[in-house]
Amino acid sequence: MTGASTSNGYIIDLTYLNHSEILHDYQVDGKTFTAITYEGGCVWKNVYDTTAGTGYTAVGARVSNVGVGGFSTGGGIGFLAGAYGYAVDRLRAMDVVLADGCSVTATAHNAYSDLFWALRGGGGQFGIVTKFYQEAAAEPSIGEIRSYIITNTSDQDAMARKNTVKWFGTNTDPFSLMYFVRGLLPADPSNLDPSTFALRTALITLRFQDPNNPRQPSYDQTFGSLVQGLSTTGTLQASVPLAYMYEEFDPYFPYGFRRGFYGPQVTNITAPYLTAATSTFDTYIGSIVQNGESPVSALWAVQYMYPGLNGNLPASNSDTAWPHAIAGHQTLFSPSWSKVQDDAATLVTNSILNDLTYAQQTANGPFIADYPNYISPGASGSRVWGSNVARLIAVKQKYDPQCRIHNGRTFASKGCLRCGWANIFI
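Here you go:
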C-alpha cells in the first residue's frame with residue numbers, strides 16, 4: 517500500500533549481519549554503561565535469545581520476527597516502553613555506512629551528531645545502519661499475559677469500553693499495560709481455527725515483573741477493575757520468561773494477506789471515542805466480508821502507554837527526529853484483506869479512523885505526532901515529524917546528496933527532488 521516493499525534499483529540484504537551481544541563497560545561520549553548491541557540484519561528474536569536470563573534486556577518489538585533496523589530508526593515502541601522509554605531514546609551510538617561508502621559511528625556528541633539525531637525516528641534513509649548500541653535495561657524475569665474475549669453483546673461491549681477508560685486513567689504500574697481490541701477474533705483465544713472468527717471485543721493484559729520494586733502490585737490488584745463485571749467466552753493465560761513473551765503474538769498476524777499497520781496516537785480516550793472507532797471498523801469488516809473476504813486477524817486497537825514513560829521521554833520535540841516529548845496511547849488499524857478491489861475501502865476506513873483520532877486529540881490535548889512505523893498512506897511530513905521536517909531534509913541532503921537511498925518515504929532534499937524520488941515535504 518505504501519510502496520515501501522517495492523524497489524526501483526538495488527536492495528541491500530543485511531541478513532547475514534545478524535549478531536547481537538551484551539557489552540559491559542561500553543563507553544560513548546564520556547559515559548560508561550552496559551549496552552545491548554545488535555547488527556542491522558537481526559530480527560528481534562536474535563536479540564531476545566542473546567539477552568534471555570542475563571539480567572539485561574533491550575526495548576524491542578512486540579513480535580519476535582520484526583527486523584531491528586526499521587524498528588530502531590522508526591520510533592521503537594515495545595512492551596517495555598512504559599517502563600524504559602522507546603528504543604530511539606535508549607540508543608547511544610550507531611555504526612552507519614553512508615551513501616558514499618564511508619563507515620562512521622554516530623553518537624549524540626561526536627562529529628556525526630546530526631546523523632545520530634536524524635536516525636532516531638527519521639527512518640533509515642540517511643545511511644545503512646550496520647550496528648546499533650542500545651543502553652541495556654534491567655530484565656524482568658517473567659511476563660504474564662491474559663487475553664479476555666468478551667461475550668458478544670452490546671451491554672458487555674459497552675462495559676468493556678467503560679472499564680478500559682477507567683483503567684487508562686488510574687493505572688500506577690509502568691510495567692503493566694493493556695490493549696483494547698476490536699477485531700475478527702475467535703471465541704476462544706487458544707483456538708485459532710478461522711471458522712470460529714467473528715467480530716468481537718478483546719482485552720489483552722500484560723504485566724512484567726518489575727526487577728526494582730518488590731512491592732509491585734499483583735496482577736489481580738492491577739487488572740481487577742478492568743475485568744470487573746465482564747462476561748467472557750474464552751480466556752488465555754500464560755506466565756513465561758520475557759524472551760518468549762514476544763512469540764505469543766506471532767500467530768495473530770498470519771501471512772497470505774495484504775496487511776496494513778496504521779494509526780495516530782491519542783493522549784485521552786473516552787467511551788464515545790471507542791464506540792465511534794469500533795463502529796467504523798465493524799462497518800468496514802462487514803463490507804469486505806460481503807465482497808467475499810475472510811480477513812482473519814484484522815483488528816483495530818488502542819494500546820495503553822504509561823504517562824511520561826516513567827520519566828524516559830526527551831525534554832523537547834526537537835531532541836530527536838521524531839517529536840515525542842509527550843507520549844500518547846497508540847491506535848492501530850491493522851486490516852488484512854486479499855482482493856485488490858478492497859484496497860480503496862481499506863484506505864477510506866483508515867482515513868475515517870485517523871480523523872476520529874485527530875479530532876479526539878485536538879479536543880483533549882496538544883499536537884501528538886504520528887508514530888513513524890505506522891505512517892498512513894498520504895500522511896504529510898509534518899503529521900509525523902512536526903517542525904523537524906526541514907532539518908531532516910537538510911540532513912538527507914548532507915549525507916545522501918545524490919539520493920541513492922530512496923525506498924519508500926523519502927525526504928525532499930535537492931538531490932531527491934532532482935531525481936524524482938522525493939515524497940516527504942514540509
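Numbering (the numbering used here), first residue to last: 517 to 942.
All C-beta atoms, glycine included, are put in the ideal place defined by N, C-alpha and C.
Every value quoted in this text rests on a predicted model; they were computed, and no experiment measured them.
Rounded to whole angstroms, what's the CA-CA distance from threonine 836 to asparagine 904? Just pull it up for me. The residue you call residue 836 lines up with position 320 of the sequence shown. The residue you call residue 904 lines up with position 388 of the sequence shown. So the two alpha carbons sit approximately 9 angstroms from each other.
Where does threonine 518 fall in DSSP's three states? Position 2 of the sequence shown, counted from the start, is the residue given in the question as residue 518. Confidence is the limiting factor: at threonine 518 the pLDDT is only 46, short of 50, which leaves the residue's position unreliable and the question unanswerable from this model.
Can you pull the DSSP bridge partners for histidine 845? One-based indexing of the sequence shown puts residue 845 at position 329. Per DSSP, Val782.
I'd like the span of the alpha helix (DSSP H) that includes aspartate 605, first residue to last. Along the sequence shown, read from residue 1 onward, the residue named residue 605 stands at position 89. Aspartate 605 -> alpha helix (DSSP H) spans 603-606.
Tell me leucine 700's beta-bridge partners as DSSP assigns them. The sequence position of residue 700 within the sequence shown is 184, counting from 1. For leucine 700, which the question treats as bridged, DSSP gives the partners Leu715.
Taking the straight line between their C-alpha atoms, what separation do you get for arginine 608 and valine 697? As a working mapping, residue 608 is identified with position 92 in the sequence shown. As a working mapping, residue 697 is identified with position 181 in the sequence shown. Computed Cα separation, rounded: 34 angstroms.
For the region 908-927 against the region 629-648, do three or more pairs of beta-carbon atoms, one drawn from each stretch, fall closer than 8 angstroms, so that the two count as touching? yes
Leucine 825 (DSSP reduced to helix, strand or coil): Here residue 825 corresponds to residue number 309 of the sequence shown, with the count starting at 1. Helix.
Within its chain, find whatever has a CB closer than 6 angstroms to the CB of proline 733; leave out the 5 residues flanking it on each side and keep chain order. For the purposes of this step, residue 733 is taken as the residue at position 217 of the sequence shown. These residues qualify, in order along the chain: Asp689.
What would DSSP say about arginine 774, mapped onto helix, strand or coil? For this step, residue 774 is matched to residue 258 along the sequence shown. Three-state result, arginine 774: strand.
If you reduce the DSSP assignment to three classes, tell me which class alanine 860 lands in. Locating residue 860 in the sequence shown gives position 344, where the first residue counts as 1. The answer is helix: DSSP assigns alanine 860 an H, G or I state.
If you drop the 5 nearest sequence neighbours on each side, which residues of the same chain put their C-beta closer than 6 angstroms to that of glutamine 877? Translated into positions along the sequence shown, residue 877 becomes position 361. Counting only Cβ-Cβ distances below 6 angstroms, and skipping sequence neighbours, we find Val782, Ile884.
So the candidates are Glu660, Val613, Ile842; which of them puts its Cα closest to the Cα of glycine 643? As a working note, residue 643 is residue 127 in the sequence shown. Nearest C-alpha to glycine 643: Val613.
Report the residue from Val582, Ser755, Pro917, Val681 whose alpha carbon sits nearest the alpha carbon of asparagine 562. Working through the sequence shown from its first residue, we reach residue 562 at position 46. Considering only alpha carbons, the answer is Val582.
Does DSSP put phenylalanine 642 in a helix, in a strand, or in coil? Counting from one through the sequence shown, the residue named residue 642 turns up at place 126. In the structure shown, phenylalanine 642 sits in coil (DSSP, three-state: anything other than H, G, I, E or B).
What is the DSSP secondary structure of lysine 547, reduced to helix, strand or coil? Mapped onto the sequence shown, residue 547 falls at position 31. Correct three-state label for lysine 547: strand.
Between which two residues does the alpha helix (DSSP H) holding serine 741 run? The count along the sequence shown starts at 1 and reaches residue 741 at position 225. Looking at the DSSP string, the run of the alpha helix (DSSP H) that includes serine 741 is 735-743.
Straight-line CA distance for arginine 775 to histidine 922? The count along the sequence shown starts at 1 and reaches residue 775 at position 259. The count along the sequence shown starts at 1 and reaches residue 922 at position 406. Each residue's Cα considered, the two are about 22 angstroms apart.
Let me check understanding here. Comparing Cα to Cα, which of Ile720, Phe691, Ser741 lies closest to aspartate 704? Against the sequence shown, residue 704 aligns to sequence position 188. That would be Ile720, whose Cα lies nearest to the Cα of aspartate 704.
Residue from Trp838, Ile527, Gly827 with nearest C-alpha to asparagine 889: Walking along the sequence shown from the start, residue 889 turns up at place 373. Minimum Cα distance to asparagine 889 is reached at Trp838.
Isoleucine 508: first and last residue of the uninterrupted beta strand (DSSP E) it sits in: This structure cannot settle anything about residue 508, because the visible part of the chain is limited to 517 through 942.
Counting C-beta neighbours from all protein chains within 10 Å, is the total for leucine 631 16 or more, i.e. buried, or is it exposed? In the sequence shown, residue 631 corresponds to position 115, counting from 1. Its Cβ being crowded by 16 or more others within 10 Å, leucine 631 is buried.
Could you say which of Thr794, Asn807, Val620 lies nearest to valine 505 if we only look at CA atoms? The displayed coordinates of the chain run from 517 to 942. Any statement about residue 505 would go beyond what the structure contains.
Which residues bound the alpha helix (DSSP H) around glycine 750? Within the sequence shown, residue 750 is the residue found at index 234, counting from 1. Premise fails: glycine 750 lies in the beta strand (DSSP E), 748-757, not in any alpha helix (DSSP H).
Nearest to histidine 535 (by Cα), restricted to the options Glu555, Ile891, Tyr526, Thr550: On the sequence shown, position 19 is the one that residue 535 refers to. The candidate whose alpha carbon is nearest that of histidine 535 is Glu555.
Note down the Cα distance separating leucine 539 from threonine 531, rounded to an integer number of angstroms. As a first step, residue 539 must be located in the sequence shown, where it is residue number 23. As a first step, residue 531 must be located in the sequence shown, where it is residue number 15. Between leucine 539 and threonine 531, the C-alpha separation is close to 22 angstroms.
Cβ shell of leucine 715 (< 7 angstroms), same chain only, five flanking positions each side left out: Walking along the sequence shown from the start, residue 715 turns up at place 199. Excluding positions up to five away in sequence, the list reads Leu700, Asp798, Ile801.
Ends of the beta strand (DSSP E) at alanine 634? Counting from one through the sequence shown, the residue named residue 634 turns up at place 118. Taken as a continuous stretch (DSSP letters only), alanine 634 belongs to no beta strand (DSSP E), being part of the alpha helix (DSSP H) at 629-635.
Beta-carbon within less than 6 angstroms of methionine 694's beta-carbon, same chain only, minus the 5 sequence neighbours each way: which residues are those? In the sequence shown, the residue the question calls residue 694 occupies position 178. Cβ neighbours of methionine 694 beyond the five flanking positions: Thr721, Tyr820.
By the DSSP assignment, the beta strand (DSSP E) with alanine 817 in it spans what residues? For the purposes of this step, residue 817 is taken as the residue at position 301 of the sequence shown. Note, alanine 817: beta strand (DSSP E), 815-819.
Just the Cα atoms here: how many angstroms apart are lysine 855 and aspartate 709? As a working note, residue 855 is residue 339 in the sequence shown. As a working note, residue 709 is residue 193 in the sequence shown. So the two alpha carbons sit approximately 21 angstroms from each other.
Glycine 583 - DSSP class collapsed to helix/strand/coil: In the sequence shown, counting from the first residue as 1, residue 583 sits at position 67. Three-state DSSP puts glycine 583 in a strand.
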